[in-house]
Amino acid sequence: MKTHVTFILLFALLFISCQKQQNGFEITANLDGFPENSKVIVSDISSQKILDSTQITDGKFVAKGFLDDEPANVRVVIISNDGKEQNLNSIFIGNENISIVGDKVSFNSKLEVNGSQHNGFKNALDEKINPLYNKRDKKLQEMFKLRNNGEWNDSLQDAYWSKTGIMVTIDNKISEITQQFIANNINSHYALFQLTVYKNDFSKEFIRTQLNKLNSDFKNTKYADVLNTFLDNEPLKAGSALYDFQAENQNGQLVNFSSLLDSDKEYTLLEFYSPHCGWCKKALPEIKKLEKTENKKLQVITYNVDKSKEDWLNDSKSNGITWTTLWNKDGRYSDAYTKYQINGTPTYFLFDKQGKVLKRWSGFDEKLIESIKNNIQ
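When we follow this note's numbering, the leftmost residue of the sequence shown carries the number -3, and every step to the right adds one.
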């Protein structure tokens, strides 16, 4: 009997623990100067997924949601009642309860955030680089004004964009400050997040040095895994052999990408896609047409880059996607996302039947489908 009671208590504790892990985040806001009933949208910056939407009442709002990959950069957008004015800022939080305090005048540049174990690091970096970004924006406006007035010339081009030009000098300073911040705070989620997201901007030597400085709390994190994978794999070029990876298909089977190259089809188009990406949605009807008209020699395989399995399956079903779609529980921290050096969606790779890379496309425009067709003739 005693053993039975002990088992029940242990099970209850495990259940409570699991429940706590699933609580998500809550943002309580006190804001001055915003019109009553202004709309509030909270979203994950990386995936563009809307996490919650609400409105301001008596200068307050409460937003709740769950971050699939935490901590994460979260955007808070406030839209006026007529939809003509937007204020926005971002915070770096986990699934935690926080409060924010601010006002309409300074909302875009300054927020007081309390209760987060992560956002303080973001604030420390922002305080140093935001003045430089503001300066950069002003210089860009000056440049656009000169262009619009027909006053732009080679001398101004050199003054703004040469190695010692105004814009390049600002960009180099931002990079220098960010690199120093990462080096000084590498054993924090935000510094590692910055290093992971902007890994292409840093030398491999710098990345290795930072990885060697990680303490036991961070050596086995998703960030360290991504950075080590990045260091071990060169960017794919035309003629390179594919990088193989494992993922789950929509039928629940774990498959290797290499096993999906259909010997009956000359070409395979691998699409990196997100259900929350506006350009992916614009591209989808055109990819459907391409898959239908060229299916004798081309197969399409879509890899969903986000962590939510539910979003992936619902999107595939609602859009009537008939070809193979893939997903990995690690989302944007997966081997595939890292090895293929995906910086945004949609991204496309075209392979021949031997698995050699023919071409890569980043983004979607009206020329994409024509370019793909030209490469499978």
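For glycine and all other residues, C-beta sits at the position ideal for the given N, C-alpha and C.
- By the criterion of a C-beta distance shorter than 7 Å, residue 192 is surrounded in its chain by 219, 222, 223, once the five residues flanking it on both sides are discounted.
- With respect to the C-alpha of residue 298, the residue from 304, 271, 292, 289 having the closest C-alpha is 271.
- Within the region 238 to 296, the runs of beta strand (DSSP E) that reach at least 3 residues and sit entirely inside it are, in chain order, 242 to 245, 250 to 252, 263 to 269.
- Comparing alpha-carbon positions, the option among 86, 32, 148 lying closest to residue 119 turns out to be 86.
- Collapsing the DSSP output to three states places residue 234 in coil.
- Where residue 335 is concerned, the enclosing alpha helix (DSSP H) starts and stops at 331 to 335.
- For residue 132, the uninterrupted alpha helix (DSSP H) run begins and ends at 115 to 144, by DSSP.
- By the Cβ test, the region 350 to 370 is not in contact with the region 244 to 252, since fewer than three Cβ pairs between them sit closer than 8 Å.
- For residue 57, the three-state secondary structure derived from DSSP is strand.
- In terms of Cβ geometry, residue 257 and residue 351 form a close pair [threshold 8 Å].
- Note that the C-beta distance between residue 167 and residue 100 is not below 8 Å.
- Cα atoms of residue 370 and residue 355: separation of roughly 11 Å, rounded to the nearest angstrom.
- DSSP places residue 189 inside the alpha helix (DSSP H), whose first and last residues are 185 to 193.
- Under the Cβ criterion (8 Å, minimum of three pairs), the region 306 to 325 does not count as touching the region 170 to 188.
- With contacts defined by Cβ atoms closer than 8 Å, residue 372 and residue 262 form a contacting pair.
- Remark: C-beta atoms of residue 161 and residue 154 approach each other more closely than 8 Å.
- Taking the CA atoms as reference points, residue 158 sits about 7 Å from residue 164.
- Of the candidates 226, 244, 216, the residue whose Cα lies closest to the Cα of residue 199 is 226.
- Inclusion of residue 74 and residue 21 in the CB contact set at 8 Å is not warranted, their separation being larger than that value.
- In this structure the region 271 to 280 lies against the region 298 to 316, because at least three pairs of beta carbons, one per stretch, are closer than 8 Å.
- In the three-state scheme derived from DSSP, where H, G and I count as helix and E and B as strand, residue 214 is classed as coil.
- Residue nearest to residue 38 within the set 123, 84, 340 is 84 (criterion: CA-CA distance).
- The continuous beta strand (DSSP E) containing residue 345 extends over residues 343 to 348.
- Of the residues 34, 62, 207, the one whose Cα lies closest to the Cα of residue 56 is 34.
- Counting along the chain, residue 356 sits inside no alpha helix (DSSP H); it lies in the beta strand (DSSP E) bounded by residues 353 to 358.
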